[in-house]
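**Student:** Got a structure for you, written out below as structure tokens; questions coming shortly.
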Amino acid sequence: MMYQSILVPVDGSAHSHVAVELAAELISRPEGRVYLLNVQPSVGNTQDLLGRAASAPAEASEAAKSDGESLLQRAIEEAGVAPDNVEFDVKAGAPSDTIVHEAGRLGVDAIVIGSRGASRLSSLILGSVAYRVLHAADCRVVLVR
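Residues 1 to 145, numbered by the numbering used here, are exactly what the sequence shown covers, in order.
Rendered as structure tokens:
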């Protein structure tokens, strides 16, 4: 099945890399679009174990955005996705909520998401982000591993 538009959350994990590769195969050419999304934790949610802010909000926000953009650029290059068919963005927020919101805003046909992410804690069972997206999204969700 070919899709006109696919959203792929990218977190740097091996599973998200496979998701980008699969999206490149599933997108119709030449008019199809792949939207790569990296979700960074909100600055207000970034604290160390003692509850202190991890860094100044502006610094944390800029560093997170820069890290996310680098991650997305690498994903595009490594997966061999045609640059003309790709858009990418970095957002701050709760990953599952942000992914579902962006999928709705963009009106994508499908979300292709890795079954487990980069965080060991969040990937204990299926992957909590993937699980939430699977149950909350209004479009087709393809889980890959």
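We put the CB at the ideal spot given by N, CA and C, even for glycine.
So, helix, strand or coil for residue 94, using DSSP?
**Tutor:** It is coil, neither helix nor strand.
**Student:** Under 8 Å between the Cβ atoms of residue 110 and residue 20?
**Tutor:** For residue 110 and residue 20, no; Cβs fall outside 8 Å.
**Student:** In chain order, what residues of the same chain have a beta carbon less than 7 Å from the beta carbon of residue 133, not counting five sequence neighbours either side?
**Tutor:** Same-chain partners within the cutoff: 96, 99, 100, 111, 113 and 141.
**Student:** Got a sec? Which residues, its chain only, sit under 7 Å from residue 93 by beta carbon, not counting five neighbours each side?
**Tutor:** Only 39 and 42 meet the Cβ criterion.
**Student:** State the CB to CB distance for the pair residue 86 and residue 144, rounded to an integer number of angstroms; the pair is presumed to be in contact (CB under 8 Å).
**Tutor:** The Cβ separation is near 18 Å, so there is no contact.
**Student:** How many angstroms separate the CA atom of residue 5 from the CA atom of residue 108?
**Tutor:** Using only the alpha carbons, I get a separation of about 5 Å.
**Student:** If you reduce the DSSP assignment to three classes, tell me which class residue 41 lands in.
**Tutor:** Residue state, collapsed to three classes: coil.
**Student:** Quick check on DSSP: helix, strand or coil for residue 110?
**Tutor:** Looking at residue 110 - three-state DSSP - the assignment turns out to be strand.
**Student:** In this structure, how does DSSP classify residue 30 when only helix, strand and coil are distinguished?
**Tutor:** Coil, per DSSP.
**Student:** With DSSP as the reference, please indicate the residues paired to residue 87 in a beta bridge.
**Tutor:** Residue 87 is bridged to 35.
**Student:** How would you label residue 66, buried or exposed, when you count the other beta carbons within 10 angstroms and need 16 or more for buried?
**Tutor:** Its Cβ having fewer than 16 others within 10 Å, residue 66 is exposed.
**Student:** Residue 105: buried (16+ other C-beta within 10 angstroms of its C-beta) or exposed?
**Tutor:** Looking at its Cβ environment, which holds fewer than 16 other Cβ atoms inside 10 Å, residue 105 is exposed.
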